[in-house]
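See structure below.
Protein chains: 2
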Amino acid sequence: MSDATATDLYEVTMAMSYLREGMTGPATFSLFVRALPPSRGFLVAAGLEQALDFLGAFRVGPEDVDAFAAALHRPRADLHPLLGLRFTGEARAVPEGRLVLADEPLLEVTAPLPVAQLVETYLLNQVSHQTAIASKAARCILAAAGHPLVDFSLRRTHGVRAGFHAARLGALVGFAGTSNVAAATALGVPAVGTMAHSFVEAFASEEEAFRAFARTHPGPVTFLVDTYDTERGTETAARVLRDLGRGPGSAIRLDSGDLGRLAARARGILDAAGLADVRVIVSGGLDEYDVDRLVRSGAPIDIYAVGTRVGVAADAPYLDSAYKLVAYDGRPVMKLSAKKATAPGPKQVFRHPGYADVVGLADEPVPGGARPLLETVMRDGRRVDAGGSQGRALAAARARFTADLAELPEDARRIEDPVAPRAVFSDRLSALTDRVRSGLSGG
Amino acid sequence: MSDATATDLYEVTMAMSYLREGMTGPATFSLFVRALPPSRGFLVAAGLEQALDFLGAFRVGPEDVDAFAAALHRPRADLHPLLGLRFTGEARAVPEGRLVLADEPLLEVTAPLPVAQLVETYLLNQVSHQTAIASKAARCILAAAGHPLVDFSLRRTHGVRAGFHAARLGALVGFAGTSNVAAATALGVPAVGTMAHSFVEAFASEEEAFRAFARTHPGPVTFLVDTYDTERGTETAARVLRDLGRGPGSAIRLDSGDLGRLAARARGILDAAGLADVRVIVSGGLDEYDVDRLVRSGAPIDIYAVGTRVGVAADAPYLDSAYKLVAYDGRPVMKLSAKKATAPGPKQVFRHPGYADVVGLADEPVPGGARPLLETVMRDGRRVDAGGSQGRALAAARARFTADLAELPEDARRIEDPVAPRAVFSDRLSALTDRVRSGLSGG
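Which chain is which? The protein sequence lines are A and B, in order.
According to this note's numbering, the first sequence is numbered sequentially starting from 1.
According to this note's numbering, the second sequence is numbered sequentially starting from 1001.
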């Protein structure tokens, strides 16, 4: 089976009907987030790389057809019309790293209706999940206010693949490293991490553990100092580092207790030992709220390691995303369900300075002073930009993120109770919406 | 690269030190959850199947060594001692589906120290993530009070692999089906789902959409009735079902609005049309709180589809899990960090009736009337039970879950403000803890 079976069954039943009815005209679907979680002032577009990889490789093969037939208890012949379907359409998207708001399409796909439908579940999955995590990580960057951040989330993400993406998305927004070896290797980002409490416990004493570690690892080392008693641990670390002349570039890590207070004590102990260049790293279930509090308190912390809560976006682990049909065979389409109406037609987002965004129609002229956010990224089923290495794509996304973040209004940047800017509809989109709605209501 | 690189870097740096120091004696690590989320009255053990698959296949290959060397900026030769390491140890575990509480080991691994350390990240990832999702799904089973539940989560889980596990874990606790084709096929569970709003919108009218769908799909069909107006949609569905004689086994689905009220109206419309056997399915961001409310209200709903919030365990998307060294080379070991002390020694959980659980030492005799929860699942790096199909393992886990749930105290079963039973330590474990603690404090 290919990734084509990583789908909700209803995409298959719908595609079967479309094929039977000869409804294979071009359809445009728009993928967007209906409302931001209350704790978000913005979102960071992400997941596009995997979405495009999926579209480029999409093909319904014989094993997929077998799986569909089995799932539906239908003869294989009934599914035969799906065999060989590929994505031969167009995709327009907001590039990864760009900031987006509610109601702004992140991705628009145009393809023959059965195929545009079959790819829904996978596209929603990648874009929703990765945008949620990237947005959480971006808030850590805001909270850290220039202090380096590293990703320690792999042990509690929703699977190891989700851990890979947490590392990738941390790097996308500017994290300085990750503990995740597979991700660091694949992406060319620094791998970080040295020892766990279990290491210290495995030796007869903390000092013996530190000395053994230093024997194996030349150069800078990081000692975890809170296994038994943090202050005594720091004193022991200082003694070992000084004895061995290993201060420069080395660090101690605090993983429990009142980190602000303990960092101050540790800093004092290190400075008194002539180890002013030994850094203090903190970890232990931290998120952007903790980092913000610690940074504002002025605690002498050099590096923040964030983990679980960021890797699962604990306070907003999903987004209210949608993949909606907005045009079929040249006709704009919309849905009217209670509270979930969608505007019709292929769209563009026009960003005016200060995030005064206007969602308009894709064929509207770009208003003066505005910048369109969606770019054509696939044509005829192939990527427009052949792409480079994962590392290069990541660097480009990081540059976009950094530029967009710099212009974000202060209210949206707040860690506590942020206020997200809201996009408005263009006159033309509003007029089309009214026209389609009255046509539906009257029809 | 193999799954061996799906690890935090510090496992590698520690393993290197252990090998250099000749510390290759047997180590036991215990994987447990320190505290339950406030909204949980119990946990469902899960992730064990993937954990054991990982251990059975674990092997540090040449490409892994390359990745480790690159991550550490060390010559390949420095990593050579890790090449070829395999898991040749023992694993004891609580089988999947069993209910567990805070402080109760879900998995204990005994192996030469470097290997037992290297497998930490992956084991924590699988067991934490899957136990979190299974526990959320189990609460839906409680809330549904006998009504069938189906899984619609794939579009917003943290990647498609996480979606596969959400489907698997739903099936484990007794969901009747999943929308996920890949999971349904691999696990032999029913696949469910029929049409989206976009399907209805793609046709000139709702009625035309329903008729086209019925033409393609013989037998029972499910019509989504809330694209434009739910009551009119239900009337249209009733008309089409009656015209075509397709009532028996068919259903309508409500996906928005006040589901309890709309279900009552829909039921009335269907019954008046002589379609008493057409079922009402509800969906749309539901979790156990919504299901509980709807079931208690007596709304005439036949099937509940739960999705995103269950698939990401939205109110508790991670668990406070730990993988702690409890013995090395025959010596019990513990950690004393602030608020995170761990009890020493390999353990067993003795369950007395009514979830009066006692955490004791692995070599304690089983108290009268109690049942031990951990079983030996791997010996010499091989599974004790060679295992059958995924489907058979799932059925066995479901049987354990159903039996355990039936005995769970009422307080722990509550959807709102549940109270989890707390395990106590046995006298022997308490005595050992005191002995090791005083040895450490004095040392």
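Here a beta-carbon is modelled for each residue, glycine too, at the ideal position from N, C-alpha and C.
is_contact[residue i, chain B] using C-beta, thresh 9 Å
i	result
residue 317 (chain A)	yes
residue 335 (chain A)	yes
residue 324 (chain A)	yes
residue 442 (chain A)	Caution is warranted here: a pLDDT of 46 is assigned to residue 442 (chain A), below 50, making its placement in the model unreliable, and the coordinate value is therefore given only provisionally. Judged by the 9 Å Cβ criterion, residue 442 (chain A) is not in contact with chain B.
residue 271 (chain A)	no
residue 58 (chain A)	no
residue 108 (chain A)	no
residue 117 (chain A)	yes
residue 51 (chain A)	no
residue 304 (chain A)	no
residue 8 (chain A)	yes
residue 96 (chain A)	no
C-alpha distance - residue i paired with residue j, whole-angstrom precision
i	j	result
residue 1198 (chain B)	residue 346 (chain A)	15 Å
residue 1060 (chain B)	residue 1018 (chain B)	16 Å
residue 1224 (chain B)	residue 1031 (chain B)	45 Å
residue 348 (chain A)	residue 372 (chain A)	7 Å
residue 1217 (chain B)	residue 13 (chain A)	8 Å
residue 296 (chain A)	residue 133 (chain A)	24 Å
residue 158 (chain A)	residue 1392 (chain B)	24 Å
residue 255 (chain A)	residue 191 (chain A)	19 Å
residue 1423 (chain B)	residue 1352 (chain B)	10 Å
residue 448 (chain A)	residue 207 (chain A)	Summary: the structure shown does not reach residue 448 (chain A), with chain A confined to residues 1 through 443, and so no result is reported for it.
residue 183 (chain A)	residue 46 (chain A)	16 Å
residue 109 (chain A)	residue 332 (chain A)	14 Å
residue 125 (chain A)	residue 7 (chain A)	10 Å
residue 1202 (chain B)	residue 375 (chain A)	26 Å
residue 175 (chain A)	residue 388 (chain A)	21 Å
residue 276 (chain A)	residue 1009 (chain B)	26 Å
residue 272 (chain A)	residue 414 (chain A)	37 Å
Of the listed residues the options, nearest to residue i (C-alpha basis)
i	options	result
residue 95 (chain A)	A:396, A:327, A:406	A:396
residue 1323 (chain B)	B:1354, B:1385, B:1245, B:1011	B:1011
residue 1248 (chain B)	B:1231, B:1291, B:1325, B:1279	B:1279
residue 490 (chain A)	A:382, A:310, A:16, A:153	There is no way to answer for residue 490 (chain A), as the model of chain A reaches only from 1 to 443.
residue 1113 (chain B)	B:1021, B:1146, B:1054, B:1141	B:1021
residue 404 (chain A)	A:431, A:68, A:101	A:101
residue 78 (chain A)	A:24, A:69, A:274	A:69
residue 1262 (chain B)	B:1051, B:1414, B:1231	B:1231
residue 385 (chain A)	A:24, A:220, A:52	A:52
residue 294 (chain A)	A:214, A:264, A:401, A:49	A:264
residue 211 (chain A)	A:204, A:63, A:240, A:194	A:240
residue 195 (chain A)	A:399, A:152, A:55	A:152
Residue i - DSSP class collapsed to helix/strand/coil
i	result
residue 152 (chain A)	coil
residue 1016 (chain B)	helix
residue 171 (chain A)	helix
residue 1294 (chain B)	helix
residue 62 (chain A)	helix
residue 355 (chain A)	coil
residue 8 (chain A)	strand
residue 1052 (chain B)	helix
residue 1279 (chain B)	strand
residue 1029 (chain B)	strand
residue 1335 (chain B)	coil
residue 133 (chain A)	helix
residue 1087 (chain B)	coil
Test: residue i CB closer than 9 Å to a CB of chain A
i	result
residue 1185 (chain B)	yes
residue 1014 (chain B)	yes
residue 1124 (chain B)	yes
residue 1080 (chain B)	no
residue 1301 (chain B)	no
residue 1407 (chain B)	no
residue 1011 (chain B)	yes
residue 1425 (chain B)	no
Next on the checklist: Whether or not the segment 315-329 of chain A and the segment 1306-1325 of chain B are in contact is what I'm after, with contact meaning three or more pairs of Cβ atoms, one per stretch, closer than 8 Å; do they touch?
Outcome noted: Because the criterion of three Cβ pairs below 8 Å is met, the segment 1306-1325 of chain B and the segment 315-329 of chain A touch.
Checklist entry - Touch check for the segment 1135-1147 of chain B and the segment 1300-1307 of chain B: three-plus C-beta pairs under 8 Å? => result With the cut-off at 8 Å, the segment 1135-1147 of chain B and the segment 1300-1307 of chain B touch.
Checklist entry - For the 8 Å Cβ check, are there 3 or more pairs between the segment 106-120 of chain A and the segment 1271-1286 of chain B? => result Using a C-beta cut-off of 8 Å, the segment 106-120 of chain A makes no contact with the segment 1271-1286 of chain B, since fewer than three inter-stretch Cβ pairs fall below that distance.
Item to check | Segment contact, 8 Å Cβ cut-off, at least three pairs: the segment 151-167 of chain A with the segment 1159-1168 of chain B | outcome: Yes: at least three Cβ pairs fall under 8 Å.
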